[in-house]
Amino acid sequence: MRFLALTFVLLLAPAAAWAQDLVPLTVTTEQGEAHTFQVEIAGTPEERARGLMFRTELAEDRGMLFIFPRRERIAMWMRNTEIPLDMLFISDDGRVTQIHERAVPHSEAVISSRRRVRYVLELPGGTAERLGLGPGALVTSEAMQ
Numbered sequence: 001m002r003f004l005a006l007t008f009v010l011l012l013a014p015a016a017a018w019a020q021d022l023v024p025l026t027v028t029t030e031q032g033e034a035h036t037f038q039v040e041i042a043g044t045p046e047e048r049a050r051g052l053m054f055r056t057e058l059a060e061d062r063g064m065l066f067i068f069p070r071r072e073r074i075a076m077w078m079r080n081t082e083i084p085l086d087m088l089f090i091s092d093d094g095r096v097t098q099i100h101e102r103a104v105p106h107s108e109a110v111i112s113s114r115r116r117v118r119y120v121l122e123l124p125g126g127t128a129e130r131l132g133l134g135p136g137a138l139v140t141s142e143a144m145q
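First residue of the sequence shown? That's 1 in this note's numbering, and the numbers climb one at a time after it.
Set out below in structure tokens:
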């Protein structure tokens with residue numbers, strides 16, 4: 001019976017590792033258009049290292065917000081990431097400083113912030129273009145405090 005229970009727990013563990021609460025986040029363009037997303041938070045080193053790896057889909061209104069403990073230059077890549085992503089690099093005041101659009105799945109090319117930032121928001125590839133998001137947009141969420 002113990003073997004069966006342990007097997008059941010081990011089979012559920014990978015799914016549980018992906019199950020994260022969603023937090024609302026809004027991106028407001030410089031023209032005043034607000035777009036709301038439900039995002040997972042990557043706030044620990046382990047969560048930031050895993051990111052959206054191995055995901056095969058990401059709904060248009062979903063994403064992941066990477067929260068770093070302090071402003072720094074961020075370097076990311078797409079190793080083991082199955083879907084194209086837009087990466088919005090965000091300063092500690094919530095302003096988008098730069099966007100890397102349609103990062104290529106599985107690429108090990110380094111995608112870096114040119115400035116020190118506090119957050120990175122990953123959205124499905126093509127979202128920035130589709131919604132007219134650009135540098136200067138304001139990102140707000142209770143998670144960004």
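We put the beta carbon where it would ideally sit given N, CA and C, even for glycine.
Since we're looking at a predicted model, the values are computed, not measured.
Check, Outcome
"On a Cα-Cα basis, can you pick out the residue from THR140, ARG71, THR28 that is closest to ARG114?", "ARG71"
"Note down the Cα distance separating LEU85 from GLU122, rounded to an integer number of angstroms.", "6 Å"
"Do the CB positions of LEU65 and SER141 come within less than 8 Å of each other?", "yes"
"Span of the beta strand (DSSP E) holding GLU108?", "From DSSP, GLU108 is part of no beta strand (DSSP E); its letter is neither H nor E."
"Which same chain residues end up closer than 7 Å to PRO24 when comparing Cβ atoms and leaving out the 5 residues on each side of it in sequence?", "THR36, GLN38, SER141"
"Quick check on DSSP: helix, strand or coil for LEU65?", "strand"
"Quick check: the Cα distance between GLY43 and PHE54, rounded to an integer number of angstroms?", "19 Å"
"Can you say whether ALA49 is buried or exposed, counting buried as having 16 or more other CB atoms within 10 angstroms of its CB?", "exposed"
"With C-beta atoms as the reference, is ILE90 less than 8 Å away from ARG62?", "no"
"Look up LEU131 in the DSSP assignment and say whether it is helix, strand or coil.", "helix"
"Are the beta-carbon atoms of THR56 and GLU40 separated by less than 8 Å?", "no"
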